[in-house]
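Peer 1: This is the structure, below, for whatever I ask next.
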Amino acid sequence: MAVALSFASILAHDVARLSAFYEEVFALTEVHELTSPHFRGLWIGETVLGFSAPSAYDLLELPAPVGDDPGVRTFLTFEAASSAEVATYVDRAVALGGTLVQPPHDTYYGAWQAVLLDPEGHAFRVNHLPLARP
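Using the UniProt record's numbering, read the sequence shown as starting at 1 and increasing by one per residue.
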């Protein structure tokens, strides 16, 4: 079994504007097949730098900012080699003190994905989404 870091995501108020900023600064390429009202992505080598709209809080069932609590602002996505491996990693994470937020399920963009919190409350996803790399 091997895992890779497939996404590093930022929750942004204006995904189009923020992704355009990073695209221009670093001359990155947009991942057009993932573009939606909720998301923009840019290739950085084999990893997607993702920009998720505030609607992602509900889609991923993550804590949103409230008062002085900043909520979740970033999350990592670990890419499993298969859908079956997603379940293996999820079981391992829960056994080691992680919290399952969403069990593995099909996403609107075609991934098989689970959402979890690590023992300190940091959000992460375990994902299987074969994408054509640049």
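Ideal placement from N, C-alpha and C gives every residue a C-beta, glycine not left out.
What are the boundary residues of the alpha helix (DSSP H) that ARG17 is part of?
Peer 2: Looking at the DSSP string, the run of the alpha helix (DSSP H) that includes ARG17 is 15-26.
Peer 1: Nearest to SER55 by CA position, among TRP43, LEU11, ALA87 and HIS122, is which residue?
Peer 2: Cα-wise, what sits closest to SER55 is LEU11.
Peer 1: Is the beta carbon of GLU30 closer than 8 Å to that of LEU42?
Peer 2: Yes, Cβ-Cβ distance for LEU42 and GLU30 is below 8 Å.
Peer 1: Just checking my contact of SER6 with GLU79 at CB under 8 Å: how many whole Å lie between their CB atoms?
Peer 2: With a Cβ gap of about 3 Å, SER6 and GLU79 count as contacting.
Peer 1: Is PRO130 buried or exposed, if buried means 16 or more other CB atoms sit within 10 Å of its CB?
Peer 2: Exposed: under 16 other Cβ atoms inside 10 Å.
Peer 1: Alpha helix (DSSP H) containing GLU61: first to last residue?
Peer 2: Premise fails: GLU61 is in no alpha helix (DSSP H) and is neither H nor E.
Peer 1: Measuring CA to CA, which of MET1, ARG40, GLU24 and ALA27 is closest to HIS13?
Peer 2: If we check each option's Cα against that of HIS13, ARG40 comes out closest.
Peer 1: Which residue marks the beginning of the alpha helix (DSSP H) containing ARG92, and which one marks its end?
Peer 2: From DSSP, the alpha helix (DSSP H) with ARG92 extends over 83-95.
Peer 1: Note the first and the last residue of the continuous beta strand (DSSP E) segment covering GLU79.
Peer 2: Run containing GLU79: 74-80, per the beta strand (DSSP E) assignment.
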